[in-house]
Amino acid sequence: MREILVMLLILTGAFFMFLASLGLLRMPDVFLRLSSTAKAGTLGAGLILTGAAVFFNDFSISTRAGAIIVFLLLTAPVAAHMIGRAAYFDGIPLWKGTIQDDLKGHYRASTHSLEVDEIADADVVLPHIEEGEYDQ
Amino acid sequence: MIETLWIVILALLSTGLVFSFIRLVRGPNLPDRVIALDLISILAMGLIVTYAVRFNQPNFLDVAIILALISFLGTIAFAYYLERRA
Chain A
1 MREILVMLLI LTGAFFMFLA SLGLLRMPDV FLRLSSTAKA GTLGAGLILT GAAVFFNDFS
61 ISTRAGAIIV FLLLTAPVAA HMIGRAAYFD GIPLWKGTIQ DDLKGHYRAS THSLEVDEIA
121 DADVVLPHIE EGEYDQ
Chain B
1001 MIETLWIVIL ALLSTGLVFS FIRLVRGPNL PDRVIALDLI SILAMGLIVT YAVRFNQPNF
1061 LDVAIILALI SFLGTIAFAY YLERRA
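Chains as they are written, first to last, in this note's numbering: chain A, 1 to 136; chain B, 1001 to 1086.
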């Protein structure tokens, strides 16, 4: 019975990790790729680790697995946010199907700061949604 | 039955590794490569934990802890220098 539960958890986790890498390969721009890997990858790793915790069924080992899960849940969003922020400020073009870009015009490149009001004299124009610019 | 399931699990994880490696090689920008490296390290962690369960070696979970820590620090460092460059 426990073996079935372990296999189910690990199989689901591996499937989600596979989906994350498929998203990384097939999504059209950096931010969509990031959203697919950060969420599906963390869920897959969490499920596999839960499977390991159930399989070993020992306090010290299960605590270790739980510690990794908590650490992943804390760090994965932070890392994804930092890469996304750096990619946006680096001027990576968005996908041409992008509908809304809330940060547009709010970033001052010379001071690396975001401002509430729209900057009229933005000292850098970030490259946006250009036809054929993106590469999948 | 169980043995086939293990093969399926390891095949899924390995195919994931191949896909992210293709993205790592193809680019097209630096952030894509950083994301691919991040996913590769998480996939490697999943493989290690799966191996630990398959061959009943609980000590390998320590490796997973270290890998998660190091990969987070590496991603943060890459993002920091990427933002400095921009």
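Each residue gets a CB set at the ideal place from its N, CA and C atoms; glycine is no exception. These numbers were taken from a predicted model, which means no experiment stands behind them.
{"Asked": "Pairwise C-alpha distance: threonine 1004/B and arginine 1054/B", "Found": "12 angstroms"}
{"Asked": "Neighbour-count burial assignment, isoleucine 1022/B, 16 or more Cβ in a 10 Å radius", "Found": "exposed"}
{"Asked": "Other residues of its chain near phenylalanine 1078/B: CB distance less than 7 angstroms, five sequence neighbours each side excluded", "Found": "Val1034"}
{"Asked": "Length of the line joining the Cα atoms of glutamine 100/A and proline 1028/B", "Found": "23 angstroms"}
{"Asked": "Three-way DSSP call (helix, strand, coil) for serine 114/A in this model", "Found": "The displayed chain sequence assigns leucine, not serine, to residue 114/A. Of the three classes helix, strand and coil, the one that applies to leucine 114/A here is strand, per DSSP."}
{"Asked": "Cβ pair isoleucine 1040/B, methionine 82/A closer than 8 angstroms", "Found": "no"}
{"Asked": "Spatial distance of valine 30/A from alanine 20/A (CA atoms)", "Found": "14 angstroms"}
{"Asked": "Residue nearest to glycine 51/A in terms of C-alpha spacing, selected from Ala14/A, Arg108/A, Leu74/A", "Found": "Ala14/A"}
{"Asked": "Residue-chain proximity (leucine 114/A, chain B), Cβ-Cβ < 8 angstroms", "Found": "no"}
{"Asked": "Cβ of isoleucine 1007/B within 8 angstroms of any chain A Cβ", "Found": "no"}
{"Asked": "8 angstroms Cβ cutoff, valine 1034/B in contact with chain A", "Found": "yes"}
{"Asked": "Where valine 1127/B meets chain A, residues with beta-carbon distance less than 9 angstroms", "Found": "Residue 1127/B is absent from the structure shown; chain B starts at 1001 and stops at 1086."}
{"Asked": "Cβ shell of leucine 5/A (< 7 angstroms), same chain only, five flanking positions each side left out", "Found": "Val54"}
{"Asked": "Endpoints, the alpha helix (DSSP H) within which alanine 1077/B is located", "Found": "1060-1085"}
{"Asked": "Assigned exposure category for glutamate 131/A - 16 Cβ within 10 Å defines buried", "Found": "For glutamate 131/A, the pLDDT reaches just 46, beneath the cut-off of 50, and the residue's location in the model is therefore unreliable, although a value from the coordinates is still provided. Classification for glutamate 131/A: exposed."}
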